[in-house]
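Shown next, in structure tokens, is the structure this report addresses.
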Amino acid sequence: MTTATTSRSGYDIIPLSEARRDDYAQALTPEERQVILDHGTERAFCGTLLNTKTDGVYACRLCGLPLFRSEGKFESGTGWPSFTRPFDPDHIREISDRSWGMVRTEIRCARCDGHLGHVFPDGPPPTGLRYCLNSASMEFFAEGADIPQRTEG
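Here you go:
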């Protein structure tokens, strides 16, 4: 079996080594570390990106991989930034999450394996999906801004 090293949109998605991930994680705040590395969840309605309305891209805070576009963002009323579809399906990994007595689908960054949030089948058209994200897992870049990539190489 061959593993892709480049996403359909042209980004490097080679998984980070543990050493490289730890190196990049030194720049995270304690809250970002708890959410991204320890699979935590920020409190509802407290995330810094919840009310962002500017056109642009939401990228992984740890490695810079683009995750979602502003055009797919919608107000879900849940208290977390929500999106209908990812920037590129190759940039998101889905994992079955059976914690807390629930069955959910956790979403992680395909490059750094950082915890992003969960995806639910109760979103609006056209996908019917609600990608529910932690602001602490993402960094926003206005349309046209350069998104620094933190890769293995």
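For the sequence shown, my numbering gives the first residue as 6, with consecutive numbering after it.
Where a beta carbon is used, it is the ideal one built from N, C-alpha and C, also for glycine.
Whether Cys114 touches Leu72 by CB criterion (8 Å): Between Cys114 and Leu72, the C-beta spacing is below 8 Å.
Whole-angstrom distance between Glu36 and Pro86, CA atom to CA atom: 17 Å
Anticipated Cβ contact below 8 Å, Ala141 with Arg26, distance rounded: Between Arg26 and Ala141 the Cβ distance is about 16 Å, and since that is not below 8 Å, they are no contact.
The stretch 146-157 contacting the stretch 122-137, beta-carbon criterion three pairs below 8 Å: no
Trp85 at chain C interface by Cβ criterion, 8 Å: Of the chains in the structure shown, none is chain C; there is only one protein chain.
Best match in Arg13, Gly133, Ile41 for proximity to Glu144 [C-alpha to C-alpha]: Ile41
Sufficient close CB pairs (3 or more, under 8 Å) joining the stretch 13-24 to the stretch 93-102: Contact check between the stretch 13-24 and the stretch 93-102: three or more CB pairs, one atom from each, fall below 8 Å, which counts as touching.
Proximity winner among Phe88, Phe92, His120, relative to Asp102 (alpha-carbon distances): His120
Three-way DSSP call (helix, strand, coil) for Glu148 in this model: In the structure shown, Glu148 sits in coil (DSSP, three-state: anything other than H, G, I, E or B).
Buried versus exposed call for Ile112 [16 or more other C-beta atoms within 10 Å across all chains shown]: buried
Neighbourhood of Ala4 by C-beta, 6 Å cutoff - its chain only, sequence neighbours within 5 removed: Outside the modelled stretch of the chain, which goes from 6 to 158, sits residue 4, for which no answer is possible.
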